[in-house]
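Chains as they are written, first to last, in the working numbering: chain A, 596 to 709; chain B, 190 to 297.
For each residue, glycine too, the CB sits at the ideal point set by N, CA and C.
These numbers come from a predicted model, not from an experiment.
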Amino acid sequence: DTAVSQTPKYLVTQMGNDKSIKCEQNLGHDTMYWYKQDSKKFLKIMFSYNNKELIINETVPNRFSPKSPDKAHLNLHINSLELGDSAVYFCASSQGPVNSYEQYFGPGTRLTVT
Amino acid sequence: GENVEQHPSTLSVQEGDSAVIKCTYSDSASNYFPWYKQELGKGPQLIIDIRSNVGEKKDQRIAVTLNKTAKHFSLHITETQPEDSAVYFCAAGNQFYFGTGTSLTVIP
């Protein structure tokens, strides 16, 4: 059984478009995250949700908006896509706070903006 | 913000040799120090972690050592195998930052 799943796995789109990435976890975890991994493999946390409440919001452009309909889902919506948004986006979940618990990562969504 | 430095950025070893990756951090409030392995095309996966009340932890061929005074911790892989080839990340900090990653290649 897949623990953390993301859709789609690949996303190719043009500048200016709006797109969404979906994430679901079946681990019963309270906390979910979105990470961005750039071409140099740097992993940077974007958002964290704990029981549907945003608890971390790093310096991410407001074109990015996370939405959590329930604690098992955390979707990422991106408006007005730019070339620099091209990256691999990972969803993750953990049982507790990010600085104390193992995170379980999804397989990633490779976003290419042309 | 938190600064987590990781070295080296790339590492090549012969199969059977040992590999060591080091991380330093700046947030003295850090209490949890995980290591993640990321294989090509996959998400990172935890391989070992250590908490601040312990100086060393071992799991088969993998070990992590922590020096809280000096604010650094290291990953040790012994008897390396080709399947150990991957990118390895450390992490630390109250706000939780990942290191810059180490690409390990084990040459058969």
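Taking C-alpha positions only, PRO661 of chain A is separated from SER198 of chain B by approximately 32 Å. Shown here, ASP613 of chain A sits in coil according to DSSP, grouped into three states, outside any helix or strand. Only residues of its own chain outside the window of five on either side were considered, and among them GLN609 have a CB closer than 6 Å to the CB of THR709 of chain A, listed in chain order.
Of the candidates B:GLN195, B:GLU228, B:TRP224, the residue whose Cα lies closest to the Cα of ALA275 of chain B is B:GLU228. Annotation: the continuous beta strand (DSSP E) that includes LEU200 of chain B extends over 199-203. Spatial neighbours of ASN652 of chain A in its own chain (CB-CB distance under 7 Å, excluding positions within 5 residues in sequence) are listed in chain order as PHE642. Under the Cβ criterion (8 Å, minimum of three pairs), the region 688-702 of chain A does not count as touching the region 265-275 of chain B. Residues of chain B whose Cβ lies closer than 7 Å to the Cβ of ASN621 of chain A do not exist; the shortest such Cβ separation is about 15 Å.
Proximity of the region 236-255 of chain B to the region 215-228 of chain B meets the contact definition, three or more beta-carbon pairs being nearer than 8 Å. Here ASP216 of chain B carries a coil assignment [DSSP, helix/strand/coil]. In the same chain as LYS246 of chain B, and ignoring 5 residues on each side of it, the C-beta atoms closer than 6 Å to its own belong to ILE239, VAL253, in chain order.
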